[in-house]
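Numbering (the numbering used here), first residue to last: 46 to 669. The block underneath contains the structure these notes are about, expressed in structure tokens.
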């Protein structure tokens, strides 16, 4: 039988329930498998990675090829259930050889797990088929099948909580609920589930609106869910999803059901409502992680509901009067239906950009947005963009983006004309763009107003590939891509990427390359170091060679007009001006926008007769 599902957890759930486990049993077993291996069939016990000198995949390949002959007796836990005892590992190896599959094949390991349950753990299997709670099933697996050294009450509780997550995600999945002939489901991006009793049951209208809200507090995903657990038929509230301040998702009301969120039953009947962690005061700003996750969640909602275009129509009147086409979904706002600020001016001013960002993920080039008179980034009314840097090298743009965000500005990276541009706003009125420029300059940033918005550019981490040597930024690393508890906190240093799991909580498996760091696990706190560093080294060496050569050939005389006719650095009118330019050159040059250094203080003097065409600054000039 071939496995069905989009990912490992869905395939495992379908396999177990097809075999006859009820939802409690499947969830309880999966919670234990997650605790053991993160549902990774290649998983090698962390403490044995260093001892044996293998990564997960390297170990799997070595067993398959026969290079590692000690699989049975090496005492290393391996696979979904972390099989460790020699007799069970021997039985697994023999089972795999009989099927002709890889030792790390998911379907084969599930087949062996089922063989063990039916032949050697019949009592556990009986509980899994008739369990009345996730905890009952989870305890049966923990105490009688897995039997780890630590079987304490805290471990029992933790593993049952893992199982409950799978139960909430799959046992309650609304596969039979349809609207307009389309199957309705919940997002697979959900990190936790805290169901609210405050909802009206099944929708009476198909989903064609998105209504994001501000929570008014930098709350975690679980805490947002906990806000709606008390049933109150008169004053109670809820939402479909919550996004915590750390960017994690919480399912609160199934998508097939109408939440109580927007002060409008008519809107809630057709909208997916999303509460987002925010500041407690106006403009109720949201962290970039929350905003980016909102975009990701909205795109996922659209894809599952057959929507290919998100519309921001600029006003309540236009949006509520518009009847969306089958492939369209409209942004609406809580403030339209009640005397409230929600979703706050911070997010509301970005509705146009929000629509454009979601549409980019959907592959839609025409958003159909109309920003009206609002300062709505990304809408068709946008004419003016505020830019605070344009770079040929993406690494330089990423560095500037980080600085701008650290200064309190919400910034994004756009790409246009061969440059990576750091953009902090998009406006329909030039005076609003000019005001943003003033704010940036007050913080020490150069900024210009441009009419070229460019297209979205990916993050630096999207360029990382298996085999790259990267810079680990320090902090925790983890035993698996999905682990919640850190396995240690190694120091920063260079490391090699050995495996990537896209979309995982900790997507990169990295191994230190020298003694500077001891990282050996999963994480995401890293940045590219190979090509960029090599290029910087080459440029630095070349510059120093030219400089040293020029000093050797210099006759000691000061610069004059004849010497500098081809020099790119203009001569200053007086010594005071020259000193001013030299004093400010270092800081400006680091940003790539330095004015030419006066000739009398030129530090780049070349020998007479040499070509005098230095590289242009990396940064695009203001006004271009």
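By construction, the Cβ of each residue, glycine as well, lies at the ideal position given by its N, Cα and C atoms. All values derive from a computational prediction rather than experimental measurement.
DSSP on residue i, reduced to helix/strand/coil?
i	result
residue 227	Note on residue 227: pLDDT 48, under 50, position unreliable in the model; no value is reported.
residue 56	helix
residue 63	helix
residue 286	strand
residue 315	helix
residue 632	Residue confidence is low: residue 632 scores 38 on pLDDT, short of 50, so the model does not pin down where it sits. Its coordinate-derived value is still stated next. The answer is helix: DSSP assigns residue 632 an H, G or I state.
residue 99	coil
residue 658	Unreliable placement is indicated for residue 658, whose pLDDT of 36 sits below 50; the coordinate value is still reported in the next sentence. If DSSP states are grouped into helix, strand and coil, residue 658 belongs with coil.
residue 567	strand
residue 208	helix
residue 51	coil
residue 591	helix
residue 197	coil
residue 367	coil
residue 300	coil
residue 235	coil
residue 256	strand
residue 27	Within the shown structure, residues of the chain are numbered from 46 to 669, placing residue 27 beyond reach of any answer.
residue 321	strand
residue 407	helix
residue 202	helix
residue 140	helix
Could you spell out the range, first to last residue, of the beta strand (DSSP E) harbouring residue i?
i	result
residue 296	294-296
residue 375	373-376
residue 395	Where residue 395 is concerned, there is no enclosing beta strand (DSSP E), given that its DSSP letter is neither H nor E.
residue 533	531-533
residue 673	Any property of residue 673 remains undetermined from this structure, which presents the chain solely from 46 to 669.
residue 540	538-545
residue 435	429-436
residue 511	Note, residue 511: premise wrong, no beta strand (DSSP E); not H, not E.
By the DSSP assignment, the alpha helix (DSSP H) with residue i in it spans what residues?
i	result
residue 157	151-165
residue 517	Element bounds for residue 517: not the alpha helix (DSSP H) but the beta strand (DSSP E), 514-517.
residue 183	179-186
residue 336	333-349
Since residue i and residue j are thought to touch, with beta carbons under 8 Å apart, how far apart are those beta carbons, to the nearest angstrom?
i	j	result
residue 187	residue 196	6 Å
residue 255	residue 343	6 Å
residue 69	residue 212	7 Å
residue 353	residue 409	6 Å
residue 328	residue 270	Contact doesn't hold; Cβ gap of about 25 Å is too wide.
Pull up the distance between the alpha-carbon of residue i and that of residue j, whole angstroms please.
i	j	result
residue 177	residue 200	20 Å
residue 512	residue 493	39 Å
residue 227	residue 382	Its pLDDT being 48, under 50, residue 227 is placed unreliably in this model, and the value from its coordinates should be taken loosely. Rounded to the nearest angstrom, the two C-alpha atoms are 29 Å apart.
residue 289	residue 113	45 Å
residue 517	residue 468	27 Å
residue 93	residue 294	33 Å
residue 562	residue 536	5 Å
residue 433	residue 268	37 Å
residue 99	residue 142	22 Å
residue 436	residue 452	19 Å
residue 314	residue 305	9 Å
residue 244	residue 250	15 Å
residue 157	residue 151	10 Å
residue 454	residue 97	48 Å
residue 83	residue 351	31 Å
residue 118	residue 131	5 Å
residue 316	residue 296	15 Å
residue 101	residue 395	43 Å
residue 162	residue 106	27 Å
residue 75	residue 48	16 Å
residue 496	residue 341	27 Å
residue 514	residue 292	27 Å
Is residue i near residue j, with beta carbons less than 9 Å apart?
i	j	result
residue 72	residue 215	yes
residue 166	residue 194	no
residue 554	residue 528	no
residue 538	residue 522	no
residue 321	residue 260	yes
residue 179	residue 198	no
residue 566	residue 91	yes
residue 77	residue 147	no
residue 273	residue 283	yes
residue 359	residue 471	no
residue 333	residue 484	no
residue 399	residue 365	no
residue 145	residue 86	no
residue 285	residue 247	no
Nearest chain B C-beta to residue i closer than 9 Å, yes or no?
i	result
residue 312	Within the model displayed, chain B is absent; a lone protein chain is all it includes.
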